[in-house]
Structures are given as structure tokens and as C-alpha cells.
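Using numbering that gives the first Met the number 0, read the sequence shown as starting at 0 and increasing by one per residue.
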Amino acid sequence: MLLSSPSSTPPPASPPSLDLDVLEHDHVPTFVLKIGTKAAGFEILFCNEAFRRAGLREVVLGPGREALLFRSWTQAVGGYSPNILLLDRIWAANIAGANQSWKVVRAVDINKQPHHVSEDEQKSAAHTHMHKRSRSDLLKIMESTHIPKVPLRELPGTHIHARWESMQTMMEMTDVGVFEYEPSGRLIHANDAWYRLSNYPRGLSSHDEFSFMDLAYEEDHSTIMSAWNTLVQGNPVTFEMRWKARPDSDNAPQWVLSACVPVLDEDRNLVTIAGNTIDINAQKKSAEAAQTKVEALEQARLSEAKFTTFAQLAPIAIYIFKPGKGLQYVNDQFFELTGTQRTSPEEVDFAHVVIEEDVDKVMTEWEAMMQAKTLSQMEYRLKKTWVNQEGVRSHTWVQGSSYPELDKNGNLVSVMGTIFDISHFKWAESVQRQRIEEALEAKRQQENFIDMTSHELRNPLSAVVQCADSVLATLQHLSVDNVSAVRTEITKINDELVTCIDSMQTIVSCSLHQKRIIDDVLTLSKLDSNLLLITPMRVQPVTVVSEALKMFEVECNQMHITLSLKTDSSLTGFEWVMIDPSRMLQVLINLLTNAIKFTKDHDVKEITVTLGGSWTRPSAEWQTVTFAKHDKPRNDACDKPEWGLGSKAFLWFKVDDTGCGMTNDEQKKLFSRFTQATPRTHIKYGGSGLGLFISKSLAALQGGSVGVRSDANTGSTFLFYISTRIATGPEAPISAKPQRSLVHSTESVADAMKAAHLNILMVEDNLVNQKVLSKQLQKAGCNVSVAGDGVEALEWLKRSVYWCGPDGRDETTNGISHIQKTSLPRHELDIVLMDIEMPVMDGLTCARHIRDYEARGLLSAPSDRPRQLSYSTASPLTFDSDVGILEEPVPRDQTVRLPILAVSANARSEQVAQAIVAGMDDAISKPFRIPELWPKMVGLVPRCSSIPT
């Protein structure tokens, strides 16, 4: 609050200059701010250390009323009270600076007395009443309050009191707010209109200096102080401002127009500041509404301009349609896309733009959209054509979208639509669809080609191999039994026998070579389809490798090749491991086959196989061998539960030969699909170029890799490794089985088959295979019956000991001929060898009929023999047609059934699975040899299991 109300004396003629260093070291809290008549916010430009240490900045800038009035007092340029009280401190202010634009405010003393209403305050409070008194009373009050006397113009002598009262009454009745202030900022008097507009309190205690600042709108404070400073310097001013709304009201701030004049005495000294205010809320609202309307119109104009620009630049056609009026707007892209001439939108006939085939569809969809008043999208073709990337011209495909616009009553006002060219997308879809169809067709043709190739090659191979075996057996038998012949004849016969044996061995060798090529093709097909599985088994690696090498003993002996096996010292601790022996042997056999092929024609003929182990993965270059690049061995190959919990390790296999060797360029071409080292490799040595690629893929599938080191004319070293887990050997030692030669093995199988004297029904459509296989089986002591297709097989079964149906009853289907009654004895039967692909009725259909007969009780084992159980031993998940290995079978429900062995030239696991599902019990792939057929029959015919082999 202010400590005194009289007007301060005018500032000194020569205001002191500012010395900030002196002010900084002053022990009195001091700050400096800039003042003037221009509107500016309150800002402390400098404060000394005493001011900062007392923490007075937050007090001065605080939000309270006392701080607001204090700031208003400091910003006044003249007429202000010399002292003011804030935070129990008495503050004084001085004008400084050459231009009197600085104000130095100092806390000159501390108020030690409790605040009470002074006499001056009580006297000044009387000024807040509207003085409805005489002129002389007003002058007396002004004298008693030390307000400087203002010389008044002489009033008419007559009726002066009546005129004064009349003027006061008029001021109270007007809607214009009238007020008068002291230069110190204290209100002298005001009429009711001013109180009503400003919400100024009428209480005496609230009329402090600059108290009007507490009622003014905060954003207008700088404007009001600028006007006040202009007035106290003797200049009138008119300005707009806002009064705050009452705290308990939701009204907006009150806009008023204030016109103020300084009242000066005869000496041009400021006496009071008088003025009036009028309510301009209505004008402001009208102006704001007009401005808002102008801005809205401008915004609408800008939006329309933006839309027009956007529509013209958009890569799609845009149109606006109004019911009853037609098209009202189209952009340039509309004419470009539809191919129509540029004209007014009303003249465009859209039905002439669409091709005739799609007009009805477009019009139907348009009518449905107009009725439903919902978004509509459709694709159709225009008459305009375009040329795709293949140079083909066709109609333009577009996608049209229509967006109905409705009014508040749901009535259709207009339709905005877009048309987008989708010709490229349609063409891309057709190309993609065509390529997918071509890819599927190519895949189907590839599978058909592989199946056909396999079937066509394996069928003659079966006869070739069996003929060769038969000739070999006959010639070997003659060479022993004809000892009593004349010596000269024996010599001649032996020469012929040698020639025949050599020829037959060539037949067998070539046939097996062709079979290996076919097996490579089938393995490649499985690799591409991710159908090869790794099945771990607990084995002794040395035993597995030794058994594999014995397969090559005869071949190596004939070619005078020394084949040896070495075990590296690193193999210690690898006595029993978990690996898939069949997949490992595929890689090893491929490498051995190549070594024999490239070594047989050299002077030094040695092949050494070395077996070792490693507890860490071999590096990219290991033991002078560089492994194939771009291999991605499976690090998780041994992580599945079936591998056990043994330590992870790696087995490596090295094949050294003294063959022709390779150059560095030739080595770079290895391990690629259908690729050999040089073109002369195929010409001189043959092969499909798949062996090493398959070996690399199989090694990677087992968590390993394959590599090579070779020098021209000195030989090659191939090395591959696979991941494994260490396994524990069986508790009881396994006795080694005595190894027998191929001839001995063949002879033992023949003796076992002769002892079994099996009754076999062979269902085969190929006459050559019928003749060859039946002779082989008959020579082995079997009783063989032949059927040319499934229909003949079913007819034959009705005359067998298995048939339980009534004689002469036609139980067959699909046109199977009637079986005439006969008194012939029933055919004995132990097993059926069933070909799959046959005319009239294939093997799968025939097997289904047989199982159906058994289910109906028409086929059953004869009662005079032990009822034999038969079940499938080939599972799609465990049958490996590549190497002919069957894991332990998972039997179905054991039921009495006739054993059926599928015989097919198609060796893919899917085809074997189809045979098992159709009712076959097991399967064997062509070509096969009799020693390979016997284990299959032993597994299906129970009485054969007791015959020693």
C-alpha cells in the first residue's frame, strides 16, 4: 500500500545517471526498470546483491494484488506517491537517465508498526463517493485532503447550485461511465455506469492507488500503463481495454472504449485525470463475428483453391455429380483417362466411355449406390486402350469409387467420385497368375519326368541285373562241375566262360552305374523338396565304414586297386556315436566311387580311407583341405531329443587317392549342381555331375561340410565331417558276425529259399519282367504264378486256398468277369508280389479290393495251416528308398491278412506311402536282386523266419 497520497514533486531537472557498480554494492535492496509511454511489460533489468539475497524477485513478480499494484506504481512516469509498502518494506523510487527512461526503486526502510488505516487513507476514502453536493462542499473536501486546487471557470451566478445538482444527476443517469483519478492513481469519484462496467468495488478500503490495475484484464496491463503514463505527462489518450468479469460469473471480459484527458491548473500542473468509458462489447462481438466470417470465407476460398489445384495435379480422375443436373466438375485427368474430348462436364456421357460388356454392370452398381447412399467401389473397363510391356494392346482397366454426400436430413446432395487406372496392376496380376501356373505346371512336369525316367529305366534294369546274375551263377556252376570233360574241351570252355563272365560283369557294372545315376536324381528331388530326414542311431563308426569298404572289395580287386582303412589317433573316445549311418554312407560311397573312377587307369592305384574325430568344428581350411564355400551347416543338427545327451563332437572321413588329380580352376567347379571339373570328365568317366553336389548337401544336412585338396597328376584328397553326439555302448558285448563273400551270401539265400519253397503270385504287366523274375524265383525253389494285371490277380485269388466265398459268385467289381465253377484244386499261396502301375487295374486298386474281401470274410488264411499274421513293415516316415534301409517298423493293428509286397520302379517315399495306405504290407524298388528280395519276404511270411540263412 502507498504510504502517502499527495502528489509527488516534479522530477529534478537533471536526473542522476545510473552507476550500476555503486548500486550493486549498496546494502539497500535495489532494482532498475525501464519506463515510458510505450506499451511494455514489467521487466526487472537490474537488481543488486542485497535484492537477490533477500529473495525479493519472486515477491515483486508474484501473482497477488499487492504485488500487481506495486508493479503498477513502479511503472508510473509521474504523479506517483513517493513511497509504497510491500512485504513490510518501504520502497521509494527515483527517475534516472538522460532521457528519464529509467526508474530506480529502493527498499529504503522496514515498516516496524502494524498496519492500520491512516487518517489520510480515511480522508481519501471519502473521495470514492459520487459527490452529490454543492460546488462549495466539493472545494472544501478537496482542500481538506490537500488536493491541489484547480481553478474552475466562473459559473453563472444564478441557479449555480441547481445546475450543479442537475449535472450530477445527468452523470448518474447516463450509460457512459465517468470517472476522475488523482495523479497518484487513487480514484476520486465515478458514476454508477463506471462501477457497473468495471466491476470496481465500492468499499472504501479497496480504493488504493492503481487499484484499477487489479480489475483490468491481464493482457491489457501494458496498454493501460502506457495510456496512464501518457496522461500524467499532460497528453489526452483514447484506447480500448477490457475489465475482468466478476469471479462468480462466467461472462467474458468487458470491452470498453476509454477517452481520458489530463486536468491541468493555470500553471500547467496536473491536477486530476478525468475520462469516460462506453460499452463496446456488442461492437467487438460484431467485429469478431465479421472477422470470423471473413476468415471463414477466406479459408473456404483457400480450401477451394487447394482442392482445385489438388484435383488438377492428382494422377486420378475426379468428378462431382449432382442428381438432376449431371456432372458438375471433372478434372483434366478425367479427360486424359477416359480418352474423351475436353468439353463442359454436363456434356459428358459416361455410358459412352465404358465398353459395352461392362455398361450394364456399371449402371446397375451406380443405381444401387444412389439408392443405398453408401460408398461404392467397382472395377470395369473403358473403351480407351493401352499397350502393356509385352506389346499387347487391350482395354484400360479402372477402379471407380463413388462417395455420396448427404444433407442433415439424409437426402443425397452430390456424389464425389474417383477413377483410378489399374491396368498395370491387372496386367501384373495376370502375369503373376500365369507364372504361378507355369511354375506349378513345371513342378508337376518335373515330378512326372522324374517318375517316368525312374520307371522307364528301372524296369529294364531289373531284367538286366537278374539276367546277369543268372548267367554268372550258371557259368560259375559249369566251371566247377565239368571237371571230367576232356582237357582240351575244358580249356576251350574255360576261355569261353572267362569271356562270358567278363561280359556279365560288365553288364552288372553298367547297370549299377545307371542305377546310381537314377538314385542321384531321386536324392536331388528330395533335397529340393526338403524331404530328406536325418535319423540318428547308435553305431560304431569303424564298423560302419569297414562294412562299406567291403562293398568295393570285388571291384577294387578286379581293377588291382589297393583299398585300405586307417583310424586316426583322434578317434579315441568315439567308439560309439549317434549318427545316421545311411546318410553318412551316401557321402562316403560317392567319394569312394569317384576315387575308384579316377584311379583305375593310373600306374599307382591306391585309395586310403581315414577315419577320425574332433571335439571342435573344423575351420574353413583344415588339414590342408579347403571346405566348399557358401555352405551353411546346421548348428542344431544334434539338438533334437532322439540324439541323446552325449557330448557334441564331429566325425571326419578322408579319402585319399592316387588318381589324375585336379587343377585349382577345376576344383572351383566342384560341388555345384550338374557340374563336373571339365567337359572331358563326363566323356572319359561318365556320371551325372550330381554326386559331389549331393555329398555337399548331405554333409550340410548333418551339420558338417565337405572339402578337397588336389594337385594335377598326383591325386586328390576329399574330406567331409558331420556332427555327432557321443553314445554309450551296450552293456553286453556284441559278437561280430562272420563276414561272407558275395557268392557265399548269394548261395546261402538260395538255399534258404529252396528250403522255404514259397508259393508266390507275381502280378506284373511287363512280359520281360514276368519271364525273368519268374525264372529266378523258380530257380530259387519257389512256386510262381503270374497275373498280368489286377483283374487277373483277383480272378486267380478266387481259385486259391485263401478264397472263402461261394464258387461261381461274382464278387468282383468294375466289370471283373464271372468265375466259372471248377473242380481243379485250389492254388497254394504264401505272398503276392504286386506291381503298382498296370493297365486295366493298377496294383493300388487291386490291393484295396483284396483288403475289402478280407474285411467281408471272402479271403482268409486256410484252416489247415497256421493262421499267419501280416502287417506293414514299411512306413512313409521310416522307409528310405534311396539305400533300401528299413528302420524298426511301427506295426498297425495285427490282423489276419494276405501278405502283399509292392514292387515298383517308382521309388519316391510319397509313392511308397500311397502303396502302404492302399493295403500293401511292404515295398521294394526296381531293380532288385533275389538276395535283396528274400529279407522282405522273411518279414512278411512268418514260416520263413525260422529258416537259417
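Note that CB positions come from ideal geometry on N, CA and C, so glycine has one too.
This structure is a prediction, so every number in the text was calculated from the model and none was measured.
Specify the secondary structure class of residue i as computed by DSSP and reduced to three states.
i, result
"Phe-320", "strand"
"Ile-89", "strand"
"Asp-921", "strand"
"Ala-39", "coil"
"Asp-764", "coil"
"His-145", "Note that His-145 scores 44 on pLDDT, short of 50, meaning its location in the model is unreliable; the coordinates nonetheless yield the value given after this. His-145: coil per DSSP, three-state reduction."
"Ser-302", "helix"
"Ala-698", "helix"
"Asp-519", "helix"
"Gln-465", "helix"
"Ser-880", "Bear in mind that a pLDDT of 37 at Ser-880, under 50, signals an unreliable position, so the model cannot answer this."
"Leu-524", "Here residue 524 is Ser; the residue named in the question, Leu, does not match the sequence. In this structure, Ser-524 counts as helix in the three-state DSSP scheme."
"Val-270", "strand"
"Lys-736", "Residue placement at Lys-736 is flagged as unreliable, the pLDDT there being 44, under the threshold of 50; a coordinate-derived value is accordingly withheld."
"Met-280", "In the sequence on display, residue 280 carries Asn and not Met. Asn-280 falls in the helix class under three-state DSSP."
"Tyr-720", "strand"
"Met-840", "coil"
Is it true that the CB of residue j sits closer than 8 Å to the CB of residue i?
i, j, result
"Ser-183", "Gly-274", "no"
"Val-231", "Leu-263", "no"
"Val-654", "Phe-717", "yes"
"Val-762", "Cys-659", "no"
"Asp-420", "Thr-384", "no"
"Leu-766", "Val-831", "no"
"Leu-949", "Val-352", "Any question about residue 949 goes unanswered here, given that the chain covers just 0 to 948."
"Val-107", "Ala-97", "no"
"Thr-657", "Glu-620", "no"
"Leu-900", "Leu-939", "yes"
"Leu-17", "Val-27", "no"
"Asp-920", "Val-839", "no"
"Gly-690", "Asp-519", "yes"
"Met-536", "Asp-579", "yes"
"Arg-235", "Val-255", "First, the residue type needs correcting, since residue 235 is Pro and not Arg in the sequence shown. Cβ atoms of Pro-235 and Val-255: not closer than 8 Å."
"Leu-650", "Val-553", "no"
"Ala-251", "Ala-244", "yes"
"Ala-53", "Asp-25", "no"
Would you decide whether residue i is buried or exposed? Buried here means 16 or more other CB atoms lie within 10 Å of its CB.
i, result
"Glu-181", "buried"
"Gly-323", "exposed"
"His-848", "buried"
"Ser-314", "The amino acid occupying residue 314 in the given sequence is Pro; Ser does not appear at that position. By the 10 Å Cβ count, Pro-314 comes out exposed."
"Glu-208", "buried"
"Glu-791", "buried"
"Arg-708", "buried"
"Lys-131", "Caution applies to Lys-131, whose pLDDT of 38 falls short of 50 and renders its modelled position unreliable; the value that the coordinates give is listed next. Per the 10 Å Cβ criterion, exposed."
"Leu-154", "In this prediction, Leu-154 has a pLDDT of 44, which is less than 50 and means its spatial position is unreliable; what the coordinates show is noted afterwards. Classification of Leu-154: exposed, given that the 10 Å Cβ count is below 16."
"Val-889", "Low confidence applies to Val-889: its pLDDT is 38, below 50, so where it sits in the model is not reliable enough to give any reading."
"Gly-325", "exposed"
"Ala-316", "buried"
"Trp-614", "exposed"
"Pro-824", "exposed"
Using a Cβ-based criterion (distance less than 7 Å to any ligand heavy atom), does residue i qualify as near the ligand NAD?
i, result
"Ile-421", "You won't find the ligand NAD in this model; it holds no ligand whatsoever."
Can you tell me where the beta strand (DSSP E) holding residue i begins and where it ends?
i, result
"Arg-380", "375 to 386"
"Ala-258", "253 to 263"
"Ser-413", "411 to 420"
"Pro-861", "Note, Pro-861: premise wrong, no beta strand (DSSP E); not H, not E."
"Pro-403", "392 to 405"
"Glu-179", "176 to 180"
"Ala-313", "From DSSP, Ala-313 is part of no beta strand (DSSP E); its letter is neither H nor E."
"Lys-653", "647 to 656"
Just curious, the alpha helix (DSSP H) that residue i is in, first and last residue?
i, result
"Pro-540", "540 to 549"
"Gly-789", "789 to 796"
"Phe-50", "48 to 52"
Give, in chain order, every unbroken run of the alpha helix (DSSP H) that is at least 4 residues long and sits entirely within the segment 553 to 619.
Taking 4 residues as the shortest admissible run, the segment 553 to 619 contains the following complete alpha helix (DSSP H) segments, listed from N- to C-terminal end: 580 to 598.
Runs of alpha helix (DSSP H) lying entirely within the segment 322 to 380, each at least 4 residues, in chain order
331 to 337 and 355 to 371
Considering only residues of the segment 220 to 252, which uninterrupted beta strand (DSSP E) runs meet the minimum length of 3 residues and lie entirely inside it, listed in chain order?
If only complete runs of 3 or more residues are kept, the segment 220 to 252 shows the beta strand (DSSP E) at 236 to 242, in order along the chain.
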